[in-house]
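Asks: The sequence shown begins at 1 in UniProt numbering and counts up by one. Using N, Cα and C, we set each Cβ at its ideal position, and we do this for glycine too. Pasting a structure below so you can have a look.
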Amino acid sequence: PSSTISPWRPSEPGHRALVSSPVSPRGWDPGPPAPPPRPQEMDVPSLEMELQMLKSQAGPAEQSFLFSREEVSALRLKIEELAQERSRLEEDKKLLEAQLERLTLQGDFDQSRTKVLHLSLNPASVARQRFREDWQQLQEECKHLRELVRALEAGGPVPADLEAAAGLPSSKEVAELKRQVESAELKNQRLKEVFQTKIQEFRKACYALTGYQVDITTEGQFRLTSMYAERKADCLVFKAAGPSGTKMQLLETEFSRTVPELIELHLLRQDSIPAFLSALTLDLFSRQTVA
Numbered sequence: 001p002s003s004t005i006s007p008w009r010p011s012e013p014g015h016r017a018l019v020s021s022p023v024s025p026r027g028w029d030p031g032p033p034a035p036p037p038r039p040q041e042m043d044v045p046s047l048e049m050e051l052q053m054l055k056s057q058a059g060p061a062e063q064s065f066l067f068s069r070e071e072v073s074a075l076r077l078k079i080e081e082l083a084q085e086r087s088r089l090e091e092d093k094k095l096l097e098a099q100l101e102r103l104t105l106q107g108d109f110d111q112s113r114t115k116v117l118h119l120s121l122n123p124a125s126v127a128r129q130r131f132r133e134d135w136q137q138l139q140e141e142c143k144h145l146r147e148l149v150r151a152l153e154a155g156g157p158v159p160a161d162l163e164a165a166a167g168l169p170s171s172k173e174v175a176e177l178k179r180q181v182e183s184a185e186l187k188n189q190r191l192k193e194v195f196q197t198k199i200q201e202f203r204k205a206c207y208a209l210t211g212y213q214v215d216i217t218t219e220g221q222f223r224l225t226s227m228y229a230e231r232k233a234d235c236l237v238f239k240a241a242g243p244s245g246t247k248m249q250l251l252e253t254e255f256s257r258t259v260p261e262l263i264e265l266h267l268l269r270q271d272s273i274p275a276f277l278s279a280l281t282l283d284l285f286s287r288q289t290v291a
């Protein structure tokens, strides 16, 4: 029995050639299928057609790939240009903001968005007017003072208008002021004399009543000399202590070292300066009486 080979079609890649053979009514098996056709048995025109079709399909893909590379390069260049443009715009923005801030500090404003209201009684205008008036008044005063200086340098009488313009007192007023000053100085001198007299009287009274002459040596220090002292150098020195000077502190002297018992008893134990001074007076008085 003969078998029929169907033609192989190159336009259907991956398909194998199909072999069909008639089967006898008795179920006779014709055997294994025939092997695929050899290359020389293929259809040459079909192969050329398929090759041409593949080339036509590969052309647009390759061209599309080239177009994609060019587009990427163009986009990268565009990105760089936009980045540079952005940097430039940011610099311009900073400059404009600085300029706007400077203009705002200088009092500039946008006339299209800001309205300026002028007061009918503008404080600035009033201040300028007052400044002009004060300046004119000072100019007039300077002029009169220059004329007054020239008149005084010349040694002549001062005109009455210059005295009034300069605010100087008249000659009568000057004489009256001089008389008042002399009277005040005389009263002050008399008060000093009376004060000195009263001080001397007070010191003499203290000396006669307490038996001690009080002298102020320095600020806050007082020297006490008893009328019964054997020598003029025998004295006590007290220093004012405390915020108001009400407490007195005995300072060490050559004479104070000779009466340690009295200091121990009356100052350290009894804390009484009057008792100490009284005891010292009695002690010195007894020495003179015995002598």
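#1: Please tell me whether residue 265 and residue 226 are closer than 9 angstroms, where the distance is taken between their beta carbons.
#2: If residue 222 and residue 238 are in contact, beta carbons under 8 angstroms, what's the gap, nearest whole angstrom?
#3: Under 8 angstroms Cβ to Cβ from residue 253, same chain only, skipping five residues before and after it: list those, please.
#4: Is DSSP giving residue 23 helix, strand or coil here?
#5: According to DSSP, residue 251 sits in a beta bridge with which residue or residues?
#6: Rank 232, 230, 271 by C-alpha distance to the C-alpha of residue 250 and give the top, closest one.
#7: Give the DSSP bridge partners of residue 99, in chain order.
#8: Classify residue 284 as helix, strand or coil using the three-state DSSP reduction.
#9: Using alpha carbons as the reference points, say which of 228, 244, 276 lies closest to residue 286.
#10: Using 10 angstroms around the beta-carbon of residue 12, count the other beta-carbons present and answer buried if the total reaches 16, otherwise exposed.
#11: Using only CA atoms, which one of 146, 274, 220, 199 lies nearest to residue 243?
#12: Indicate the three-state DSSP secondary structure (helix, strand or coil) for residue 223 in the structure shown.
#13: Please list the terminal residues of the continuous beta strand (DSSP E) segment that includes residue 214.
#14: Let's test the definition: count the other Cβ atoms within 10 Å of the Cβ of residue 96 and tell me whether it reaches 16, buried, or not, exposed.
#15: With 16 as the cutoff for other CB atoms within 10 Å, does residue 280 come out buried or exposed?
Replies: Result, derived from the coordinates:
#1: Not in contact: residue 265 and residue 226 (Cβ atoms no closer than 9 angstroms).
#2: 5 angstroms
#3: 235, 236, 237
#4: Confidence at residue 23 is low in this model, with a pLDDT of 45, below 50, so its placement is unreliable and the value that follows should be read with caution. Note: residue 23 maps to coil in three-state DSSP.
#5: Paired residues: 237.
#6: 271
#7: According to DSSP, residue 99 bridges with nothing at all.
#8: In the structure shown, residue 284 sits in a helix (DSSP, three-state: H, G or I).
#9: 228
#10: Bear in mind that a pLDDT of 47 at residue 12, under 50, signals an unreliable position, so the model cannot answer this.
#11: 220
#12: Three-state DSSP puts residue 223 in a strand.
#13: Here the beta strand (DSSP E) through residue 214 covers 212-216.
#14: exposed
#15: buried
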